[in-house]
Structure formats: structure tokens, C-alpha cells
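What follows is a short report on a single structure.
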Amino acid sequence: MVLSRKAKEAIKTALAMTITYGIALSMDWDRPYWAGFAVAFVSLASIGQSINRAALRMFGTLLAVVVSLTLIALFAQERWAFMLFLSVCAGFCAYMMSGSKHGYFWQVCGFVTVIICMDAGPDPVNAFDTAVLRAQQTGLGILVYSLVAIFLWPSKSITAFRAAATDLAATQHQFYRACLGVACGQGNAEEARRVSAQELQHKTRFDQLLDAAETDSYEVREWRRPWRRYQQQAAELMHTLERWRESFAGVQGLDLQRLLPDLGTFGAELDARLAQIGTMLAGTAPGQVPRPVDLPLDRDALRELSHFQQAALAVTRSRLLHLERLTRSLFETVSELGGSGTASAPAEAPHVPAAVFLPDLDRLAKVMRFMAILWMAWLALIYINDLPGGPGLLAFAGGLGMAIANMPQLPVSKLFVPAASSVLFAAVVYIFIMPQLSSFIGLGLLIFAATFAICYLFAEPRQMLGRALGLAMFVTIASISNQQTYNFLSVANTAMMFPLIFLILAITAYIPWSPRPERAFLRLLGRYFRSSAYLMSAMRWNPPHAVTRLERWKKGFHTREVATLPAKLRSWQPHLDNWVLSDNSPEQVQALVTSLQTMAYRMQHLLEERGTPQAELLVQELLDDFRAWRLGVQGSFQQLAQDPAVGERDALRTRLDGFLEHMEARIKATLNKAAEGEFSDRDAENFYRLLDAYRGVSEALVEYAANAAGIDWAPWREERFA
Amino acid sequence: MLTPLPHEFAIGGVYLPPMLVASVFGLLAAVLTSGFLNRQRLSQYFFYPPLVSLALMVIYTVLIGTFIIGA
Chain W
193 MVLSRKAKEA IKTALAMTIT YGIALSMDWD RPYWAGFAVA FVSLASIGQS INRAALRMFG
253 TLLAVVVSLT LIALFAQERW AFMLFLSVCA GFCAYMMSGS KHGYFWQVCG FVTVIICMDA
313 GPDPVNAFDT AVLRAQQTGL GILVYSLVAI FLWPSKSITA FRAAATDLAA TQHQFYRACL
373 GVACGQGNAE EARRVSAQEL QHKTRFDQLL DAAETDSYEV REWRRPWRRY QQQAAELMHT
433 LERWRESFAG VQGLDLQRLL PDLGTFGAEL DARLAQIGTM LAGTAPGQVP RPVDLPLDRD
493 ALRELSHFQQ AALAVTRSRL LHLERLTRSL FETVSELGGS GTASAPAEAP HVPAAVFLPD
553 LDRLAKVMRF MAILWMAWLA LIYINDLPGG PGLLAFAGGL GMAIANMPQL PVSKLFVPAA
613 SSVLFAAVVY IFIMPQLSSF IGLGLLIFAA TFAICYLFAE PRQMLGRALG LAMFVTIASI
673 SNQQTYNFLS VANTAMMFPL IFLILAITAY IPWSPRPERA FLRLLGRYFR SSAYLMSAMR
733 WNPPHAVTRL ERWKKGFHTR EVATLPAKLR SWQPHLDNWV LSDNSPEQVQ ALVTSLQTMA
793 YRMQHLLEER GTPQAELLVQ ELLDDFRAWR LGVQGSFQQL AQDPAVGERD ALRTRLDGFL
853 EHMEARIKAT LNKAAEGEFS DRDAENFYRL LDAYRGVSEA LVEYAANAAG IDWAPWREER
913 FA
Chain R
920 MLTPLPHEFA IGGVYLPPML VASVFGLLAA VLTSGFLNRQ RLSQYFFYPP LVSLALMVIY
980 TVLIGTFIIG A
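Given below as C-alpha cells:
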């Protein structure tokens, strides 16, 4: 009989759980369920992923031991100071959890600190033993699961990793072809958009598997530096291709073959390089090495274009030249990985700006919610007599609160059924089956069967919550120990903790802001346009003044807001319910988010180009025109921040067309005034790129207004019960 | 009008306080009422529906506790 993948994984977790309990009970360690928790939460699809998670859990627990013992030592007699510092430490972990590469480490550190403090705080004499016991039990669970995962049906990540790398290279090649086709007027923009979404998925998968493959595959670990370089270069290629695609609107209708006579050869060379990269990643030696190519302009044809067309062409050309450099570096890196290349020179280190703390408002909101959960549970514990669970309520609220605060899209009501069924299942096992057992053979079989059933029935990634709650409740309510007792009150108390915790979760979800997806969407839209308006206001040229540190910080903050908010909006989009979408389709909302992403790219482009040196003559002559343009766009952003539906596409289009015409005439007049040699090629290129950046932002604004006009916003603002 | 005498509920030998039972029914009734108001698009006439939900739950709990269960 051939077992399915999910059956094998369930057997591995169940076996590890049984062995862990067997060892902990035979050693007569107190609270063996802590080891059971470790097994339940580190099991993942491959050895590498599980070991990485296990390491993060272990290190997180060790740090939590140090933090909690320090807090107990410092504030054993000061309950308010104790809680204040505990909530600050846990809040810091909650902040780090959602933005760090090692989020699980911070999550474990945060909730284990709360658990140890609540367990050992009321009994400071035994605090050290309790903390060490927690670390010991966690270590046991991790060790046993790791050994089981290594020896029983080992599932290494290398095969999946190689497939992910090949898929990523193939998608990037496909995306490049689609983009080149669109640029030359032969492709399909919709196809390019589809491949772009696919590329993002493949890149995410590649990143996840690289971490795992580095841990469980020697061949990847040995070459980890080139692989990391490849990861970085592939990310940059993805970003550049995306920005190149966004710049096509300006060159639509231009005869690129005439303006860039070598475009065919250039495009074919890049195509060949990307194809070779895919072939090399699949294990075949490259057929040819990259040839040097250039992309000269036809000056005569160029003179026939308007200034805005020249600007758009300059941007497209510079993107293509950047792609040329990138594909060459990628080729060299992949050659090194395949062992056939000679290029071992490291890629140029990216410029890292000085580290300045830029707070993320959404992460701060999560921290505030988590800290509010902790404080409400703490106040309930202090002021309500005989609270079900006692300090355990706070420990439970800490663990659950940390996970829930990190998933603001998940409504609290979605937890009712999994929590109730988990408690019911564990209660049946505890009350009706466990009292019949008299030896570890029976108990071991029960642990194996219960764990297997939960892991098998909730094997899909989307069922993670059910699986986690099921295992957690089984381990907690069963409370297996050598001096086993059976008491209905322990089940009732655990069950009664849930209504209290859900009440706290619901209160913190609704105060101060509504958790409804459409409300969150509108809030994020408002923030997006407020930040955009600030960035436009920060681009002024005149009067010249020194930029203060605060202004630099604010600019950095708003730049990050504009760059990250479209992705946050996308994460809320699937949660919009039918009520809101009754008169709209999800595709309309998708198009709206895409137009915001386009605008974010163009704002970024404008900020970059705004920093390039410009010819003094142009700055002086066109200053007022650019200012008027900037203020117009800034005003539109400010209006949209108040009401995202206020933009009128036709009015904006007419205004933009009028402005383009006006600027065209002004630029022509200014250039005619310029003396010979006053305006170099470099000045021209910088100026055209800046001009294209301004036009790009305005075009994106018009596109947004067109999408927003198609949406019926009335239901989005309507009050209703959650 | 006579109201029921306060008494505990025994389920399989486990005694439950009457207020707990009343609050469970109160919550259920509030959820059903909110769902009905949502479906009829009447919820738009309330200033802050989450507070209304809470108020409904309290009102139902008190009414059920006083007149049906006896809490």
C-alpha cells in the first residue's frame, strides 16, 4: 500500500509526539505537554523547513527564558511595573514578528516570555526551575521531531528548490518576452500582467525553499553565496521588468525599430541570455556566452518626436540598458553555480542607505492591539475573583493574541467553530477515554491516534488554524503527566476561558477602528493619498533651503508608505464580502489596486529623477510651470485622501492634455533660447527622464480616477453589523 | 406578573449558573437580530453598530434571564 504525502506527514508528527511524551514521562519531567507543543508547532513540509522553524523556536525560547527571569528578578514585588515591562517586551517582539525575516523567532520569544512570567511570576522561588523546564521540554520536542523527520521518509527540499529556480527563470524569460512584445506593439498587455503575477508567486516560493534547501542540502549550502546573489539579482530583474512594463504607455505608437535601429539584435541577445540561464539552472551547459550589445539612438528620427515622446523613449532605453547589465550579471552568477563559469567576482553591493527607524503604522497597530489584549486579561485577572484559568488565561491570551493580532484580516467569529470543536474533541478524549487507560502502551496509542487524526484531517495550509488549535487543545486539556488526575473542572475552566478571550479579542478588534475589510481598505487608501500628497509637496525646488533631519525622516516614511500600501491593499481585497461588491466585480477592485501600484512605481521613479542634477537654464525657465504642475497633482492627492472617489477622469484627462501641450511649447521656447553648448546630452537625458516621470504620475492619476469612477462606493461607507 | 424563580441548570450532574445560560441565549438572539438587520439593510441607520450589538446582547440577556429562565 502506498501512503499519501499527508498520511506520511501525519504519521511523522504523531510518532514524534508519542516518543516525546514517552521520554518526558519516563524521565519524570513535569509538564510534558510543553514538549508536545514543540512537536505540534515545528512540523512542516520538508526537513529543512522544519529544522529552520525548530531552530527559531529553540532560540526564541532561550531568549524568552533570559527576558522572563530578568523581569521576575527585577519586579517580583511590583506587579504593575512587572506587567508594564512584560507588555513592553512582548510588544517589541510583536512589532519585530511581522517585519522580520525571522518572524517566528520573535513570535516564540514574545509569547513564551508571557507564559513563563505568568507561570513563574506568582511563584518566584521556583521561577528558575520553571523557565529551565520550559527550555528543556522545548528542546526535547524539537530534537525528537527532527530525528523522526530525518530518518522516517525524509523529504529534502533540493528537488523542489531546483524546480522552483527553473520555474522562476522560465517565468522571468516569459515575462521579458511578453514585455518586449508589448513594447514593440505586437504583444498582449493582459498576458504580460498575468505572467507578472505568476512571476511573483514563483519568486516567493523560491525564497522560501532557498532557506529550507540551505539547511537540508549540502550542495545548496556549499554554494549559498552565489545562490543568495542569484536571489538578489532575480529580485532586481523582477523589479526592473515591472517598471519597464509600467513605462510602455509613453512609447505606445512610436516606431521603436526606427528610433532604436539595433533593438532587434539587442532584444534577441537578452532573450538568448535569459533562455541560457534557464537551461543552466536545469543542469545543461550554456551554448554561448553573452555578447556585448548596445542600443544607439537614430538622432534624425529622434528630432521628429515631441519632447514628451523623447522623454518616454529615454526612459525605455535606460531601462533596457539596465536590463542588459542585469542579465549579464545573472548569467555570470548562474554560470558559477553550474561550475562552468569563470566569473566569480561578486556582484556590486547595493547601496544601503543609513539605517533610520521608520515605523510601520500597521505593525504598530498590531502591537497596540496585542498590548491591549494583554492588559485587559491582566486587569481581569487582578480585579475579577475566581477567573477561569487564573494566570493561565493571560498566558493563553498572550499566545493566541500574538497570532491573531498578526492576522487583522481574520474575523474573530471565524475562530468560534475551530475552538469549540477542538475543546469538545479534547474533552471527549479526556473524560471518556483516558480514564480507561492503565499503561503507556494504551496512552501512547491514544496520543498517536489523536495526533494523527488532527494532522491528517487538517493537512492543507489553509487549515493551519484548525490544526494548531486542535493539537493545542488536545495537549492542554489532556494534561498528561505521571500523576494523572481527572477533573471535569479543568475541562470546564479551559472551555470558559474561550468566551473571555474571544470577548477581549472582539473588543480590541473594534476599538478604535472597525475591522471590516472595506473600512480598512478605505483607511489605507486615505493613507496612500496623504503620503503621496506629502511627497509631492516635498519635491519643491524653490526656495532653496537645507533639508532638515526631520524632513528627511518624513520623506523616508512617506516613500515607504507609498511603496508598501498597494501590497497591503491587495491583502485585504479577497476579504471584501459580497455586500460591498454587490454592484462591483472583484476585477474592478483588482484594477483599482493595480493602478495604485503603477502610481507607486511612478512616484518612486519621480523621486529618483527629482534627485538627478538638472541644467540651470531649464530649472530657471520652467520652474513656475513645474511648480504649477506639482501643486495641481498635490491638490488632487489631497482631495483623494478625503474621498477616494472624488477624482473625475475626464476633467483630469483634459487638464493633463492641456498641460502637456503647454509644457511642449514652453520647452521648445526655452531650448530655442539656449546658447550652443549650454545644454549637454547628459542634461538632455536627465531632463527628459524627469519630464517623463512627471507625466507618468499624472497618467497614473488619470488611470486611477477612471477605475475609481467605475466603483459604487456607497456600500463601502454604509454602517452595518459585523 | 410572576417571574420564574432563579435556579441552576443541571446537565449530567454539572450545575450551570442561570446567568450563563441566559447570556448564551442572549448572545444567540443578538447575533440573529444583527443578521436580520444586515439582510434588510437596516443597519445603516445606526451610528455605531458594534455598540448596538453589545446593547442588544445585554437587553436580550436581561429579558431572557428575567422572564424565561429566572436569573
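Here the protein sequences come in this chain order: W and R. Residues in the first sequence are numbered from 193 upward in steps of one, following the working numbering. Residues in the second sequence are numbered from 920 upward in steps of one, following the working numbering. Where a beta carbon is used, it is the ideal one built from N, C-alpha and C, also for glycine. Every value quoted in this text rests on a predicted model; they were computed, and no experiment measured them.
**Study point:** W:Lys760 burial status per 10 Å Cβ neighbour count (16 or more: buried)
**Key:** buried
Review point. Counting only beta-carbon atoms, is W:Phe694 nearer than 7 Å to chain R?
Key: no
Review point. Does DSSP put R:Leu935 in a helix, a strand or coil?
Key: strand
Practice item. Determine the contact status of W:Leu332 and W:Ala227, defining contact as a CB-CB distance below 7 Å. Key: yes
Practice item. Note down the Cα distance separating W:Tyr225 from R:Met976, rounded to an integer number of angstroms. Key: 37 Å
Practice item. Express the C-alpha separation of W:Leu266 and W:Pro316 in angstroms, rounding to a whole number. Key: 11 Å
**Study point:** From W:Thr396, W:Tyr287, W:Val412, W:Ser828, residue whose alpha carbon lies closest to that of W:Gly240
**Key:** W:Val412
Practice item. Report the rounded CA-to-CA distance for W:Gln449 versus W:Gly379, giving the unit in angstroms. Key: 15 Å
Review point. In or out: W:Ile672 buried (at least 16 other Cβ within 10 Å) or exposed?
Key: buried
Exercise for review: Within 10 angstroms of the Cβ of W:Met656, are there 16 or more other Cβ atoms? Answer buried if so, exposed if not.
Suggested key: exposed
Check your understanding: Helix, strand or coil: which one does DSSP assign to W:Ala199?
Key -> helix
Check your understanding: Which bits of chain R does W:Arg912 rub up against, with CB to CB less than 7 Å?
Key -> Asn957, Ser962, Gln963, Pro968
Exercise for review: Please name the residue in W:Arg708, W:Arg520, W:Arg435 whose C-alpha comes closest to that of W:Arg509.
Suggested key: W:Arg435
Check your understanding: Can you tell which of W:Arg719, W:Glu528, W:Leu586, W:Arg732 has the C-alpha that lies nearest to the C-alpha of W:Ile307?
Key -> W:Leu586
Review point. Helix, strand or coil: which one does DSSP assign to R:Ile930?
Key: strand
Review point. So W:Ile264 is in the alpha helix (DSSP H); what residue range does that whole segment cover?
Key: 239-267
Practice item. Kindly examine the ligand GTP and report whether one of its heavy atoms sits closer than 6 Å to the Cβ of W:Trp226. Key: The ligand GTP is not among the ligands present in this structure, which contains no ligands whatsoever.
Review point. Going along the chain, which residues of its own chain have a beta-carbon closer than 7 Å to the beta-carbon of W:Arg397, five neighbours each way excluded?
Key: Ala356
Exercise for review: Measuring only between beta-carbons, confirm whether W:Tyr678 sits less than 7 Å from chain R.
Suggested key: no
Review point. Is W:Ala467 helix, strand or coil when you go by DSSP?
Key: helix
**Study point:** Coil, strand or helix - R:Thr952 by DSSP
**Key:** helix
Point to revise | Spatial neighbours of W:Gly252 in its chain, beta-carbon cut-off 6 Å, leaving aside the 5 residues before and after | key: Phe297, Val300, Cys301
Review point. Roughly how many angstroms lie between the CA atoms of W:Phe158 and R:Leu924, to the nearest whole one?
Key: Nothing can be reported for residue 158 of chain W: it is not among the residues displayed for chain W, which extend from 193 to 914.
Review point. Name the chain W residues whose beta carbon is nearer than 8 Å to that of R:Val933?
Key: Phe680, Ala684
Check your understanding: Looking at the unbroken alpha helix (DSSP H) that takes in W:Gln812, where does it start and where does it end?
Key -> 808-834
Review point. Looking at C-alpha atoms only, which residue of R:Pro937, R:Tyr964, R:Leu973 is the closest neighbour of W:Leu695?
Key: R:Leu973
Practice item. Would you mind reading off the limits of the alpha helix (DSSP H) that contains W:Pro758? Key: 741-764
Check your understanding: Got a sec? Which residues, its chain only, sit under 7 Å from R:Leu956 by beta carbon, not counting five neighbours each side?
Key -> Ser962
Review point. Using 7 Å as the limit for Cβ to Cβ distance, is W:Tyr702 near chain R?
Key: yes
Practice item. State buried or exposed for W:Glu540, treating a residue as buried only when at least 16 other CB atoms are found within 10 Å of its CB. Key: Any reading at W:Glu540 is ruled out, since the residue's pLDDT is 44, under 50, leaving its predicted position unreliable.
**Study point:** Close Cβ partners of W:Asn776 (< 8 Å) along its chain, the five nearest in sequence each way excluded
**Key:** Gly902, Ile903, Asp904
Check your understanding: Within this structure, are the beta carbons of W:Tyr337 and W:Ala208 separated by less than 7 Å?
Key -> yes
Review point. Which of helix, strand or coil does DSSP assign to W:Thr534?
Key: Any reading at W:Thr534 needs caution, since the residue's pLDDT is 45, under 50, leaving its predicted position unreliable; the model's value is listed next. Coil, per DSSP.
Check your understanding: Span of the alpha helix (DSSP H) holding W:Phe343?
Key -> 319-343
Point to revise | Of the residues W:Glu779, W:Ala246, W:Asp842, the one placed nearest W:Gly295, counting alpha carbons only | key: W:Ala246
Review point. The alpha helix (DSSP H) spanning W:Tyr880 covers which residue range?
Key: 873-901
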